[in-house]
Each structure stands twice: as C-alpha cells, then as structure tokens.
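Protein chains in written order, with full-length UniProt numbering: chain Z, 1 to 389; chain V, 1 to 549. The block underneath contains the structure these notes are about, expressed in structure tokens.
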Amino acid sequence: MTTATERSVPKPVFTDAEAGAKEFPDSRARRFNYFVPQKRKQTHYEDVTVEVQPDPRHYLAQGWLYGFSDGKGGYPLDWTVLKAWGSDRPEPERGPGTGGQGYEWPAHGWHEFRDPNEEWELSLYRYNANVVRQLQANVDAAKQAKAFAQWNPNWVRFVQQHVGAWMHVDHGLGLYLFANANRRGPTNMHNTAIAVNSMHLIRAAQDLALYQLTLSEEVEGFDGTAHLETWNSDPAWQGVREMAERLTATGDWAEAVFAANVVFQPLVGELFRSQLVMQAAPRNGDFVTPTVVGAEEYDFSERDLRYTRAIFELLTNDREFAEHNSRILNTWLADWTGQAIGAARAMQPLWSQPDAKPARFEDALDRVKSRFAGVVEDLSLDLPKELER
Amino acid sequence: MSRQSVAKAHQKIQELSWEPMYHQPVSHYGTDYTFRKAQKKDPLKQVLRSYFPMQEEKDHRVYGASDGAIRGNMFRQVQERWLEWQKLFLSIIPLPEISAARAMPLLFRNVPNPELHNGQAIQMIDEVRHSTIQQNLKRLYMNNYIDPAGFNSSLRNFQNDYCGTIGRQFAEGFITGDAITAASIYLTIVAETAFTNTLFVAMPAEAAANGDYLLPTVFHSVQSDESRHISNGYATLLMALADEGNHQLLERDLRYAWWNNHRVVDAAIGTFIEYGTKDRRKDRESYAEMWRRWIYDDYYRSYLVPLEKYGLVIPHDLIEESWNQIWHKGYVHEVAQFFATGWLANYWRIDPMTDKDFEWFESKYPGWYDRYGKWWENYNRLSTPNGHHPIVAEDVDYQYPHRCWTCMVPCLVREDMVMAEVDGQWRTYCHEACRWTDVEAFRPVYQGRQTPNMGQLIGAREWETLYHGWNWADVVSDMGFVRDDGKTMVAQPHLNLDDPKKMWTLDHLRRMPNLQSPNVLLNQMTEEERAAFHANYIKGGPAGRPARD
Ligand SMILES: [Fe+2]
Ligand SMILES: [Fe+2]
Numbered sequence: 001m002t003t004a005t006e007r008s009v010p011k012p013v014f015t016d017a018e019a020g021a022k023e024f025p026d027s028r029a030r031r032f033n034y035f036v037p038q039k040r041k042q043t044h045y046e047d048v049t050v051e052v053q054p055d056p057r058h059y060l061a062q063g064w065l066y067g068f069s070d071g072k073g074g075y076p077l078d079w080t081v082l083k084a085w086g087s088d089r090p091e092p093e094r095g096p097g098t099g100g101q102g103y104e105w106p107a108h109g110w111h112e113f114r115d116p117n118e119e120w121e122l123s124l125y126r127y128n129a130n131v132v133r134q135l136q137a138n139v140d141a142a143k144q145a146k147a148f149a150q151w152n153p154n155w156v157r158f159v160q161q162h163v164g165a166w167m168h169v170d171h172g173l174g175l176y177l178f179a180n181a182n183r184r185g186p187t188n189m190h191n192t193a194i195a196v197n198s199m200h201l202i203r204a205a206q207d208l209a210l211y212q213l214t215l216s217e218e219v220e221g222f223d224g225t226a227h228l229e230t231w232n233s234d235p236a237w238q239g240v241r242e243m244a245e246r247l248t249a250t251g252d253w254a255e256a257v258f259a260a261n262v263v264f265q266p267l268v269g270e271l272f273r274s275q276l277v278m279q280a281a282p283r284n285g286d287f288v289t290p291t292v293v294g295a296e297e298y299d300f301s302e303r304d305l306r307y308t309r310a311i312f313e314l315l316t317n318d319r320e321f322a323e324h325n326s327r328i329l330n331t332w333l334a335d336w337t338g339q340a341i342g343a344a345r346a347m348q349p350l351w352s353q354p355d356a357k358p359a360r361f362e363d364a365l366d367r368v369k370s371r372f373a374g375v376v377e378d379l380s381l382d383l384p385k386e387l388e389r
Numbered sequence: 001m002s003r004q005s006v007a008k009a010h011q012k013i014q015e016l017s018w019e020p021m022y023h024q025p026v027s028h029y030g031t032d033y034t035f036r037k038a039q040k041k042d043p044l045k046q047v048l049r050s051y052f053p054m055q056e057e058k059d060h061r062v063y064g065a066s067d068g069a070i071r072g073n074m075f076r077q078v079q080e081r082w083l084e085w086q087k088l089f090l091s092i093i094p095l096p097e098i099s100a101a102r103a104m105p106l107l108f109r110n111v112p113n114p115e116l117h118n119g120q121a122i123q124m125i126d127e128v129r130h131s132t133i134q135q136n137l138k139r140l141y142m143n144n145y146i147d148p149a150g151f152n153s154s155l156r157n158f159q160n161d162y163c164g165t166i167g168r169q170f171a172e173g174f175i176t177g178d179a180i181t182a183a184s185i186y187l188t189i190v191a192e193t194a195f196t197n198t199l200f201v202a203m204p205a206e207a208a209a210n211g212d213y214l215l216p217t218v219f220h221s222v223q224s225d226e227s228r229h230i231s232n233g234y235a236t237l238l239m240a241l242a243d244e245g246n247h248q249l250l251e252r253d254l255r256y257a258w259w260n261n262h263r264v265v266d267a268a269i270g271t272f273i274e275y276g277t278k279d280r281r282k283d284r285e286s287y288a289e290m291w292r293r294w295i296y297d298d299y300y301r302s303y304l305v306p307l308e309k310y311g312l313v314i315p316h317d318l319i320e321e322s323w324n325q326i327w328h329k330g331y332v333h334e335v336a337q338f339f340a341t342g343w344l345a346n347y348w349r350i351d352p353m354t355d356k357d358f359e360w361f362e363s364k365y366p367g368w369y370d371r372y373g374k375w376w377e378n379y380n381r382l383s384t385p386n387g388h389h390p391i392v393a394e395d396v397d398y399q400y401p402h403r404c405w406t407c408m409v410p411c412l413v414r415e416d417m418v419m420a421e422v423d424g425q426w427r428t429y430c431h432e433a434c435r436w437t438d439v440e441a442f443r444p445v446y447q448g449r450q451t452p453n454m455g456q457l458i459g460a461r462e463w464e465t466l467y468h469g470w471n472w473a474d475v476v477s478d479m480g481f482v483r484d485d486g487k488t489m490v491a492q493p494h495l496n497l498d499d500p501k502k503m504w505t506l507d508h509l510r511r512m513p514n515l516q517s518p519n520v521l522l523n524q525m526t527e528e529e530r531a532a533f534h535a536n537y538i539k540g541g542p543a544g545r546p547a548r549d
C-alpha cells in the first residue's frame with residue numbers, strides 16, 4: 001500500500017493586509033513625505049531617486065561613517081567650485097545630547113535639481129532598447145536593399161576614417177568623464193542623470209563600432225580599422241582629440257559636464273554630426289549613416305543637453321551664489337570655447353573630402369555658433385569673444 | 001543577437017579604447033595596491049546592443065508581475081510580520097545599490113586595463129537599475145499594504161536611525177577609502193560574491209512563504225545581474241594577486257570585509273528570515289542552514305579556497321568564527337532580541353513570538369528556549385500599554401548593550417566585548433576582529449607598511465550618544481517616527497491596528513527614564529571603574545542577562 005505524503009509547502013493564509021482594510025493613524029498617508037516635490041504633485045521619478053543619496057546637512061543624523069584617507073566622507077560639496085544656496089553652512093556638529101536635527105530639508109539648493117528627462121531604470125532601458133532595435137532594423141534594411149552598393153569610394157573612405165574616428169570621442173567621454181562623474185555630484189538626481197548620459201555615449205560608441213563591423217562585411221574593400229589611424233595621427237582630428245582628453249582630465253565634475261555638454265557638444269559634436277555627416281551623406285548616396293549618427297544627436301539635443309541646462313540654470317539663478325557661479329561659468333566658457341573653436345577649425349579639411357560636398361565649412365560653423373549662442377543665452381551667461389577665433 | 005554575432009561584436013568594441021596622448025584622465029581615487037598593465041579579457045563579453053533589450057525584457061516581467069499582484073489582491077495574503085521588516089530592509093538597500101554604481105569609477109584609473117572598464121560601466125548602470133527598481137517596489141508596498149507608516153518616511157528614517165547606520169556601512173564601504181579595498185574587495189569579492197546569495201536568493205524565498213511573491217520577482221531579477229558583477233570582481237582580484245606586493249593588503253582587506261559583512265548582513269538578514277516569518281514548517285531551512293550552504297560551502301569552500309594557490313591568504317579563522325557566532329553563540333537571536341528591545345526607536349512593528357515560533361526555534365536551535373524564551377514571553381506580556389513602560393525600561397533580566405564602535409551592531413555576545421582607548425576616546429567593540437579593524441586596519445600604517453590611501457572610520461558612531469540625557473518621547477519625535485495624528489508611534493511591539501488604545505503614543509514614553517549613552521558613561525568612569533565594568537560585562541549573557549555573581 002502506498003501512502004500519499006503531503007508535499008511540504010507554505011500555505012497561503014488570508015490576512016487581509018491590504019490598503020484600506022482598516023482605519024488608524026497614517027492609514028491614508030501613502031506618499032513619501034521626506035522631500036518637497038518640484039511641482040505640486042510628486043512624480044514617479046522623484047519617488048525612486050530623491051534622497052536615496054543622503055546628506056548630513058538635513059537627515060543623516062550620525063554623519064558619514066566611512067571617509068577617504070583625508071577624513072572626508074560621502075559626497076563633498078567642494079568637489080566643484082560652484083555653489084548652491086546653503087552650501088557654505090557647516091555640517092551640523094554631533095556629540096553627546098545634540099540630537100539629530102539638521103537644517104530643514106532641502107538644506108541647500110543642490111537638492112532642488114530634478115532631471116527634466118525623469119530618468120530612472122524603466123525609462124533608460126526602454127529608451128536605449130528602442131534605439132538599438134531601431135538602428136539594427138535600419139542597418140538590416142539597408143543590407144537587404146543593397147544600399148551600401150551605391151557608395152562611391154571617397155565616401156567609403158570618409159565613413160571608415162572619420163565617422164569611425166568619432167566613436168573614440170564617445171567612448172572616452174562616456175567612460176572617463178561621465179561614468180567617472182557619477183561618483184561626484186552632490187545628489188542622487190545629479191549622479192543618476194550623469195550615469196544615464198554616460199550610457200548614451202558608451203552605447204553610441206558601440207553603435208558606431210558595430211556599424212563599422214557591418215560595413216566591413218558588406219562593403220568591398222571597407223577597412224574596418226582605418227579609424228584607429230585617423231584618430232591617432234590625422235591632423236584634422238588632433239584638436240578634437242586633445243579637447244576630449246582634456247575634458248577627461250578635468251577634476252571639477254561640474255566643469256567637466258559643463259564643458260562637454262555646453263561647449264564641446266554644440267560646437268564640435270553637432271558640427272561634425274549634424275553639419276557634416278548628416279548633410280554630406282545623402283548627397284553621397286548614403287541614407288544609413290545619418291540614422292546611426294542621428295540617434296546620438298538625438299540623445300544629446302533632446303536629453304543630455306536638457307538635464308545639463310537644468311543643472312546650470314539653477315546655479316546661475318541661485319538665490320545666494322548666482323553671481324559667484326556666473327563668474328566662474330563665464331571663465332570656463334571662455335577657456336573651453338577657445339579650445340572648441342580651435343578643434344572645430346582643425347576639422348575643416350574634412351569638408352572637402354566627399355565627392356559631393358556639404359554646405360561650406362564657414363556656414364556650418366556659423367550655424368553651430370548661433371545654436372551655441374542660444375544655449376549660452378538660456379543660461380544667462382556671456383557669449384565669449386573666443387567664439388570669433 | 002546570436003551568440004556568434006555577440007562574440008564578434010564584442011571583439012569589435014575592443015577597438016574603442018585608446019591611450020591618451022595629450023592629457024591623462026583625472027585620477028581622483030588613490031590605492032596602495034599596484035597593478036601591472038597586461039592584456040586582459042573583458043570577463044563580461046557584453047555589448048549594449050544586446051544588453052539593453054535584455055534588461056528591458058526583464059523589466060517587462062517585473063512590472064507585469066507587479067500589476068498582476070495588485071490585480072490579484074496579493075496583499076490579502078501577505079503576512080504583516082514579514083512586511084513590517086521590509087520597512088527596514090527596503091529603506092536600507094537602495095543606497096548600497098546606488099553606491100555600487102558610484103563605486104565603479106574608483107576602479108577606472110587604478111585598474112589600468114581598459115578591457116575591464118566596459119564591464120564596470122555596465123555594472124554601474126545595472127546598479128542604477130537595482131536601486132530604482134527597489135525604490136519602486138517600496139513605493140508599491142506603501143500604496144497597497146495595510147500600514148504605510150514607515151514606508152512613507154522611509155529614507156528619512158533610514159538616515160536617522162541606528163539600524164540605518166548599521167546598514168549604511170554596506171554602502172559607504174564601497175565608495176570611500178582605498179579604491180581597491182572599497183570597490184573591489186569589500187564590494188565585489190565579499191559583499192556581492194558571498195552575501196548577495198542570502199540577500200537576494202534566501203530572503204526572497206522567505207518572502208514567498210509569507211505571501212509576498214513580488215519581492216522574489218524583483219530580487220531575482222536583480223540577482224540575475226549579479227553574476228556579471230562577480231566576474232568583474234574575480235578578474236580584478238586575479239590581477240591584484242599577480243603582484244606579490246599586494247598580498248599583505250589583500251589579506252588585510254579580506255579580513256576586514258569578511259568580518260564586517262558577517263556582522264552587518266547576518267545581523268539584518270538573519271533577523272528577517274528567522275523572526276520575520278510565519279512559516280514554521282520544521283523542514284524549512286533555518287538561516288544557519290542557509291548560511292552553511294550559500295556562504296560556507298558555495299563561497300568559502302568553492303570560491304575562496306581555490307584562490308589560495310594564487311597566494312591569497314584566506315581568513316579561515318574568521319570564517320570559522322562567524323559560523324561559531326551563528327551556530328553556538330546565537331548571533332542572529334541576540335540581534336533580533338536587541339532590535340525588539342529597542343522597538344520604540346524603530347520605524348516598523350515587531351510581532352511577538354508565539355508558542356509555535358518557540359517550538360520551531362527549539363527544533364532548529366536546540367537550547368533556544370532556555371536562552372531566549374523567557375525574554376520573548378516578557379516581550380509579549382509588555383506589548384500593549386497597560387501602565388508599564390516599553391520593555392527596554394522594564395526589568396526583564398536584560399542589560400542594555402554597548403555599541404561596537406566599528407560595525408555599530410551592539411556588543412551582544414557579551415563575552416567577546418573588548419575595549420580600547422583610541423583617538424582620545426574609550427571605545428567598545430563587539431569582537432576582537434572589530435577592534436582590529438578600527439585600531440589596526442583603517443590606519444595610514446599597517447604592520448609597519450605605509451598605507452596612505454587607506455580610509456578612515458568617521459562619524460558619530462554611537463547613536464545613543466546623540467540622545468544622551470533625552471526623554472524617549474523627544475528622541476522619537478526628533479527622529480520623526482510619529483504617525484499623522486501627531487502622537488501615535490510608527491513603531492509598535494505588536495501588529496494590532498484595530499484598537500487605538502493598544503497603540504503606543506509619545507505620552508507613554510514621557511513617563512520613561514531618560515536615555516543614557518553607555519559610551520558616555522564609560523568615558524566618565526575612572527580607570528578602576530572601567531576595568532570592573534568590563535570584567536562584569538563579559539560575564540553577562542546569553543540573551544543579554546546581566547552577570548550574576
Ligand atoms: Fe546590485
Ligand atoms: Fe563589531
């Protein structure tokens with residue numbers, strides 16, 4: 001005779017532990033109550049990001065617990081020379097009987113920043129997954145349509161060398177500027193937006209590299225490694241390269257983000273991507289490259305520039321340090337604009353390489369300058385005279 | 001993408017890295033380790049073209065399950081005993097996750113192999129995923145579980161309270177100090193490789209047994225990223241081992257990281273799994289059994305020991321001692337008893353143990369009742385206000401413990417407590433290993449060797465000191481653990497929400513004697529008093545019983 005032994009599994013129990021089952025103090029208090037939302041109602045984005053990175057100036061009663069060898073812990077505000085209101089107040093002192101009260105939330109103006117793109121995990125995976133799927137589809141469709149066969153040899157050379165070289169800019173800035181800076185901002189909202197920016201760039205670099213891989217397979221004589229030589233020694237690229245390297249060598253996180261997204265991307269990045277590649281490609285029978293480069297252009301102009309603007313607009317309108325910040329930002333602007341214009345001008349020979357020429361270099365440069373001037377104006381900063389070099 | 005095309009794509013993206021010619025990238029973080037530059041393989045072989053859609057697909061499953069849980073009225077079957085502890089756990093865990101993201105750049109300049117940086121950047125964004133998906137889960141609990149108190153004030157609570165402080169080590173240890181100690185040994189080699197199994201696999205299983213299948217859905221999804229991170233850590237560790245000069249530092253850091261993780265993670269997760277569950281089937285694994293399997297066998301025997309042949313000095317003694325603490329010295333029980341003693345300083349409700357719980361504990365940990373049974377009976381007796389104080393101020397044969405200055409869990413296994421005068425202050429430590437961490441490891445010189453990049457333990461590390469001499473009602477108000485009627489406490493030592501008279505309020509606390517900081521008192525003692533105090537303290541226990549002469 002066999003006996004059926006009962007399997008040992010936890011039994012479901014009716015507990016009625018759902019919202020609204022009972023009335024008692026706090027039974028309806030269903031929102032995070034430790035921060036003030038930017039608008040009237042708190043957003044989903046705010047709920048999943050705000051206050052995850054603590055700050056001893058408001059709540060962190062026992063202070064930071066682990067420090068670097070100099071004794072500084074957490075996220076020191078002096079990792080940038082820019083300041084938000086309240087930054088100069090000392091951290092509350094703690095000792096026997098002091099209690100744990102800090103300054104009233106938010107304690108300083110850095111906490112007022114919200115990413116206008118409202119990036120968190122759900123949004124960032126959805127967005128980037130869509131981009132890579134769309135790119136893959138574009139390239140596959142082009143393959144099937146034999147679209148690459150129309151390219152003339154000069155254009156093939158242009159894509160393998162120059163479009164290829166840009167991947168190094170994306171990769172270098174993505175890792176060593178933006179990923180690096182995700183440790184350095186004063187709030188979780190800064191650092192999360194910066195981390196997302198980093199992934200845009202690293203993805204764009206890989207998009208270009210994989211595009212090159214496809215072209216090596218599809219286009220007769222396409223040299224998939226030509227971009228290395230161009231990046232390493234083509235004089236037209238050395239200004240860009242030096243600037244990219246200097247950006248990654250910048251210690252102040254806010255300066256690095258500002259110089260990259262307010263100066264370098266509009267004056268050099270958009271000049272190359274929008275004014276050169278996207279203009280020249282169709283005339284040379286290439287309808288695919290603009291979609292690859294355009295994805296990155298969209299990342300920057302519609303997302304990365306937006307959050308960057310929000311960070312710096314707060315600082316130039318700060319109720320305590322507007323003048324201090326504007327003075328420093330204007331200095332940075334002058335310094336980096338001079339270098340960006342130099343890098344842009346060094347690229348001029350690229351304009352004469354395709355068979356079918358894009359718009360004149362000077363016209364292209366004028367267009368990005370006026371776009372740049374608009375960004376600078378939005379931030380209430382001064383247009384630097386270095387722009388006219 | 002097919003496997004073959006991923007491999008080819010991965011090969012191709014190796015062309016992306018380049019050597020700077022004009023300016024070196026900024027080097028913000030120091031280490032005393034040295035690395036030789038050598039051609040390395042990226043252990044992840046992950047390209048973003050397949051990574052992003054893969055993660056999006058995982059998200060679909062998680063959010064689909066979330067919708068299903070709400071539509072299916074999951075909260076009608078969730079055990080409050082369990083979900084109350086999630087108020088603590090989910091207030092802690094998003095910070096370690098995001099800190100792991102922030103830790104990745106500590107490695108860029110110090111591990112000079114660009115092949116590894118791709119994997120580190122992916123780990124960075126994985127961790128952003130973990131942090132925000134966990135915040136989102138907590139938000140869902142707040143909106144749908146019967147008692148939102150403690151969820152709704154989660155991040156303020158976590159930052160103000162002593163349990164938060166214990167948990168914060170698990171985050172701050174990743175992002176400060178010597179870059180390799182922090183981001184590699186403490187984070188990836190010990191926290192992720194050893195302890196995420198208990199965090200993200202054992203704990204979700206217990207959640208499911210208590211009617212909550214959302215926590216497992218979210219945390220298994222998180223854990224599925226973890227094997228990549230473990231590979232990152234392993235690659236870095238092998239590189240560190242290649243340089244003989246690092247061996248002494250590796251030995252130091254493994255000792256510190258192992259012991260600290262044991263102290264902190266076993267305290268928290270052990271308590272959730274043993275005291276937060278209603279599943280008392282005798283054949284369900286105890287935390288000790290899980291620990292033996294996941295940590296002792298899978299991590300220690302299978303992962304660490306094989307590294308010995310590369311010159312890694314493994315802290316065999318501390319690993320055996322951790323087991324000894326869990327199995328013979330009741331570490332988890334001592335911690336749970338302490339959390340319940342101090343229920344009034346928390347922001348969740350702690351359910352009393354019943355006869356059924358007692359029976360289970362006795363069968364899993366023979367001798368449990370003799371040690372802890374009486375105290376839990378007292379906890380039950382004192383759980384609703386009836387003219388008496390909360391248990392911490394009643395005579396229940398329990399001596400309020402001193403804090404460990406290093407791990408910030410109190411010195412609960414009384415016989416192990418050690419003291420030292422450091423930087424002008426008398427400090428207590430829960431164990432010799434915690435004394436060593438503060439007095440010897442976190443110093444600019446280690447065993448005669450200059451370690452200028454080693455971090456420091458900083459901060460106001462004993463919570464009680466902040467409130468020395470305060471009335472308990474003011475303490476709880478100061479931390480903000482009060483419900484929206486302005487007087488009922490968030491914390492309660494029972495789960496009864498039906499009868500307002502059974503809920504503790506600030507008024508009950510006003511009548512209590514003031515809070516005293518054990519450390520302040522210790523520092524006021526004379527030399528002789530202190531020696532006598534120590535001799536007496538270490539004769540106390542188990543279960544917090546004062547020494548009997
Ligand atoms: Fe994680
Ligand atoms: Fe300790």
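In this text, a Cβ means the ideal position worked out from N, Cα and C, and glycines have one as well.
Cβ contact (3+ pairs, closer than 8 Å) linking the region 67–77 of chain V and the region 6–19 of chain Z: yes
In chain order, each alpha helix (DSSP H) run of at least 4 residues that lies wholly inside the region 229–291 of chain Z: 235–248, 253–258, 278–283
DSSP-derived helix/strand/coil call for residue 219/Z: Here residue 219/Z refers to the residue found at position 219 when the first sequence is read from its first residue. Three-state result, residue 219/Z: coil.
Residue 425/V, enclosing beta strand (DSSP E) - first and last residue: Stepping through the second sequence from its first residue, residue 425/V is reached at position 425. Note, residue 425/V: beta strand (DSSP E), 425–429.
Which listed residue (119/V, 374/V, 430/V) has its alpha carbon closest to that of residue 401/V: Translated into the one-based positions of the second sequence, residue 401/V becomes position 401. Comparing Cα-Cα distances from residue 401/V to each of 119/V, 374/V, 430/V, the minimum goes to 430/V.
Distance CB(residue 111/Z)-CB(residue 49/Z) smaller than 8 Å: Here residue 111/Z is taken as the residue at index 111 of the first sequence, counted from 1. Here residue 49/Z is taken as the residue at index 49 of the first sequence, counted from 1. No, Cβ-Cβ distance for residue 111/Z and residue 49/Z is not below 8 Å.
Beta carbon proximity, residue 68/Z to chain V, threshold 8 Å: Reading the first sequence from its first residue, position 68 is the one you call residue 68/Z. Taking Cβ atoms only, chain V reaches closer than 8 Å to residue 68/Z, which makes this a yes.
Residue 464/V, DSSP secondary structure in three states: Within the second sequence, the letter at position 464 stands for residue 464/V. Of the three classes helix, strand and coil, the one that applies to residue 464/V here is helix, per DSSP.
C-alpha gap between residue 264/V and residue 505/V, whole angstroms: For the purposes of this step, residue 264/V is taken as residue 264 along the second sequence, with counting starting at 1. For the purposes of this step, residue 505/V is taken as residue 505 along the second sequence, with counting starting at 1. Using only the alpha carbons, I get a separation of about 30 Å.
Close Cβ partners of residue 367/Z (< 7 Å) along its chain, the five nearest in sequence each way excluded: Indexing the first sequence from 1 puts residue 367/Z at position 367. Taken in chain order, the residues that qualify are 275.
Residue range of the beta strand (DSSP E) that includes residue 422/V: Along the second sequence, one-based indexing puts residue 422/V at 422. That run of the beta strand (DSSP E) goes 418–422.
Neighbour-count burial assignment, residue 21/V, 16 or more Cβ in a 10 Å radius: Counting from one through the second sequence, the residue named residue 21/V turns up at place 21. It counts as exposed.
Residue 383/Z (DSSP reduced to helix, strand or coil): By 1-based counting over the first sequence, the position of residue 383/Z is 383. Residue state, collapsed to three classes: coil.
Identity of the residues DSSP links to residue 505/V by a beta bridge: Along the second sequence, one-based indexing puts residue 505/V at 505. BP columns for residue 505/V point to 488/V.
Inter-residue spacing [alpha-carbon to alpha-carbon] between residue 358/Z and residue 218/V: Numbered from its first residue, the first sequence carries residue 358/Z at position 358. Numbered from its first residue, the second sequence carries residue 218/V at position 218. So the alpha carbons of these two residues sit roughly 51 Å apart.
Opposing strand residues paired with residue 67/Z [DSSP bridges]: The residue you call residue 67/Z lines up with position 67 of the first sequence. Looking at the DSSP assignment, residue 67/Z forms a beta bridge with 73/Z, 456/V.
Segment contact flag, the region 335–348 of chain V with the region 226–241 of chain V, C-beta cutoff 8 Å, min 3 pairs: no
Residue 13/Z beta carbon near ligand 1 (any heavy atom closer than 7 Å): To locate residue 13/Z, count along the first sequence from 1; it is residue 13. Residue 13/Z Cβ: outside cutoff for every heavy atom of ligand 1.
DSSP state of residue 62/Z mapped onto helix, strand, coil: Looking up residue 62/Z in the first sequence gives position 62. Coil at residue 62/Z, not helix or strand.
Cβ of residue 51/Z within 8 Å of any chain V Cβ: By 1-based counting over the first sequence, the position of residue 51/Z is 51. Yes, its Cβ sits closer than 8 Å to a Cβ of chain V.
Closer than 8 Å to chain V by CB, residue 331/Z: Here the question's residue 331/Z lines up with position 331 in the first sequence. Judged by the 8 Å Cβ criterion, residue 331/Z is not in contact with chain V.
Three or more C-beta pairs below 8 Å linking the region 82–102 of chain Z and the region 188–203 of chain V: no
Residues of its chain near residue 349/Z, where Cβ-Cβ distance is below 6 Å and the 5 sequence neighbours each way are ignored: By one-based count along the first sequence, residue 349/Z stands at place 349. Only 236 meet the Cβ criterion.
The region 265–279 of chain Z contacting the region 287–297 of chain Z, beta-carbon criterion three pairs below 8 Å: yes
heavy atom of ligand 1 below 7 Å from residue 220/V C-beta: Taking the first residue of the second sequence as position 1, residue 220/V is located at position 220. No, ligand 1 has no heavy atom inside 7 Å of this Cβ.
Chain Z contact residues for residue 160/V, given Cβ-Cβ distances below 9 Å: The residue you call residue 160/V lines up with position 160 of the second sequence. The answer, in chain order, is 59, 60, 61, 62, 100.
Helix, strand or coil at residue 55/V according to DSSP, with G and I counted as helix: In the second sequence, residue 55/V corresponds to position 55, counting from 1. It is helical.
Minimum C-alpha distance to residue 409/V - residue among 336/V, 376/V, 444/V: As a first step, residue 409/V must be located in the second sequence, where it is residue number 409. Answer by Cα proximity: 336/V.
Nearest-angstrom Cβ-Cβ length linking residue 240/Z and residue 169/Z, presumed shorter than 8 Å: Residue 240/Z sits at position 240 when you count from the first residue of the first sequence. Residue 169/Z sits at position 169 when you count from the first residue of the first sequence. Between residue 169/Z and residue 240/Z the Cβ distance is about 6 Å, and since that is below 8 Å, they are a contact.
Residue(s) in a DSSP beta bridge with residue 410/V: Reading the second sequence from its first residue, position 410 is the one you call residue 410/V. Bridge partners of residue 410/V: 403/V.
Cβ of residue 77/Z within 8 Å of any chain V Cβ: Position 77 of the first sequence, counted from the first residue, corresponds to residue 77/Z. With 8 Å as the cut-off, residue 77/Z does not count as an interface residue toward chain V.
Interface flag, residue 41/V vs chain Z, CB-CB below 8 Å: The residue given as residue 41/V occupies position 41 in the second sequence. So no, residue 41/V is outside the interface.
Near-chain V residues of the region 176–193 of chain Z - C-beta to any C-beta below 9 Å: 176, 177, 179, 180, 181, 182, 183, 184, 188, 191, 192
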